[in-house]
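Chains as they are written, first to last, in the numbering used here: chain A, 1 to 321; chain B, 1001 to 1321.
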């Protein structure tokens, strides 16, 4: 008798990924959800090891994310930042007081030789997160954005320069020698793979760039679905639309679906973009039209439920194909 | 014509030293005061480089010291500490939010290869301190307290164990290979040397333990005075009295004067202890009886003025001897 295939593996970046992960966590038993998170926008700042996407996912699943900023912790204060400014330190990357504790603990553990996946598990446990949050790799991978102003480290481009320099290309330094997390290298007992509504180019692409991950996903015989990060030609948050345009893609959900072609079996398209469904289905990708905007927790749970139903529907069609 | 001898070199530890340094700073032009500070109770904690005595002196001279605790900054908040506790990190050494910014900047600069003296100068300048605050050395020196419970790192004994284990001996790991700060190695244009009312065993002794410092001070032909840290057989703050007893000294200002014999020409004795003056003078040390308790800024300025007058009075007697 085959082992029951019960697990959902979700690929996530920051805010959008974290929101759907929260919906999935509400819909699934804790042991049935693994969220594999982009770490290519991690960086070292003020001597601290900062993992923005891991923290956004962790804080969101712990119920302590800041709903206004989309990053950091809720009920945050800024005393350290103010004092850092007084001492002449850089303050363009805002680190709240409570958030800083995370970076202090992470930095100390990493310096002591712990793996990022261990530290993430410890932190998440302390914050009461039940499901598994795993970094895409324990090795350092860093997104470099080639722009009209030269090559920029991701956070320089994203935060310090407010995404303004036009993007020419993106690469993931260190990816070629990184080892994927076991959850990505040898996914087991999967019911389905969910590509969260995260930025395809700087959240999902780095995960796929780790050697073996793309091949593994291409070879999976379970439903693989992506939730659109683009609605009505706009990114819900962040620079995904700007990147689609500057990298020569269609600035639409269709552009994203084309980017994921070969990797996914299904695409969750927003109702606004229903007219794009035939063009996406022509790529060999099934489409589920639904409301993809996650304004509140009910939206997140509803979208997660729709995603899981889509996965299960695809499973029977995969079995019959 | 000889260069005018105008500078005061003060040796200081934490609270008591910082208070007298503030009085001296009010009495002297900025360029006439150098405060050489103990760094043997520095330590690494939560991955940060912490210099408690340097910071107490710096915060005090900047007017931002916390008057209630005797350490850290005034108007402090504790959000990072609370969050560190939530994450399971050690919280026995209390680090305020604003204070943490100092440690973050120091740690980053030291890791980048800066000397502690450079970092201290940068931080003090940023906080508006005008006189020179220098670490006794740029090299790591660490106080180890041998106790009835074994050898303990200083902050373990001092903060975590509340000075409870009985002290058998004290040593300064790394002192033997440390290079003194130039202000201690080759003091120039000195009007006088002031040993502040700091703990003789763990604040002043480490400075004297740096190779060459004791010899240099012994050879100085300018007045060298100490202000008593013991009044009425009690330490004004901290474990000095307990250490005097456990290390077999007289628990009194006389015990301290004996400890400094050969190094100082004058001793500022509290009025409470005036009866000890003859015994101290019998050591070949001149005595000035005065009020040594520094309860407020006026006390600090008054004690500093008395100390400077004593220095100048000793100068004429040294010239005539």
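Each residue gets a CB set at the ideal place from its N, CA and C atoms; glycine is no exception.
For residue 104 (chain A), no beta strand (DSSP E) run applies; the uninterrupted alpha helix (DSSP H) run containing it begins and ends at 97 to 111, by DSSP. DSSP lists B:1195, B:1267 as the beta-bridge partner residues of residue 1226 (chain B). Taking each of A:207, A:118, A:183 in turn and checking the Cα distance to residue 260 (chain A), the smallest one comes out for A:207. B:1192 is the residue among B:1302, B:1213, B:1192 whose C-alpha sits nearest the C-alpha of residue 1032 (chain B).
With a threshold of 8 angstroms between beta carbons, residue 1107 (chain B) makes contact with chain A.
About 4 angstroms separates the CB atoms of residue 253 (chain A) and residue 228 (chain A); that is less than 8 angstroms, so the two are in contact. 8 angstroms or more divides the Cβ of residue 308 (chain A) from the Cβ of residue 25 (chain A). For residue 1115 (chain B), no CB of chain A lies under 8 angstroms from its own CB, so it is not counted at the interface with that chain. Taken in chain order, the members of the segment 54 to 86 of chain A whose beta-carbon sits within less than 7 angstroms of a beta-carbon on chain B are 77, 79, 80, 83, 84, 86.
C-alpha of residue 1086 (chain B) to C-alpha of residue 1064 (chain B): approximately 28 angstroms in a straight line. The contact set of residue 1102 (chain B) on chain A, defined by CB atoms closer than 8 angstroms, consists of 83, 87 in chain order. The beta-carbon of residue 98 (chain A) is placed less than 8 angstroms from the nearest beta-carbon of chain B. Straight-line measurement puts the Cα of residue 168 (chain A) at about 7 angstroms from the Cα of residue 148 (chain A). The Cβ neighbour count for residue 103 (chain A), taken over all protein chains shown within 10 Å, is at least 16; the residue is labelled buried. The residue among B:1311, B:1083, B:1310 with its C-alpha nearest the C-alpha of residue 98 (chain A) is B:1083. With the criterion set as a beta carbon lying under 7 angstroms from some beta carbon of chain A, the members of the segment 1120 to 1147 of chain B are 1123, 1126, in sequence order. Taking 8 angstroms as the cut-off, the Cβ atoms of residue 1048 (chain B) and residue 1107 (chain B) count as close. Beta-carbon to beta-carbon, residue 1285 (chain B) and residue 1266 (chain B) are separated by about 6 angstroms, close enough to satisfy the 8 angstroms threshold. According to DSSP, residue pairing for residue 44 (chain A) in a beta bridge involves A:49. Taking a 10 Å sphere around the C-beta of residue 312 (chain A), we find fewer than 16 other C-beta atoms and assign the residue as exposed. Not one beta carbon of chain A lies nearer than 8 angstroms to the beta carbon of residue 1152 (chain B).
Check the Cα spacing between residue 1135 (chain B) and each of B:1122, B:1262, B:1161: the tightest is with B:1122. Residue range 1286 to 1290 is occupied by the beta strand (DSSP E) that includes residue 1287 (chain B). Think of a sphere of 9 angstroms around the beta carbon of residue 111 (chain A): the chain B residues whose beta carbon falls inside it are 1047, in chain order. Residue environment analysis places residue 1249 (chain B) among the buried positions, since at least 16 neighbouring C-beta atoms fall within 10 angstroms of its C-beta. Residue burial annotation: residue 92 (chain A) is exposed, with fewer than 16 other C-beta atoms found within 10 angstroms of its C-beta.
One alpha carbon belongs to residue 1210 (chain B), the other to residue 1010 (chain B), and they sit about 16 angstroms apart. Excluding residues up to 5 positions away in sequence, 1195, 1224, 1225, 1226, 1285 lie with their Cβ nearer than 7 angstroms to the Cβ of residue 1264 (chain B) in the same chain.
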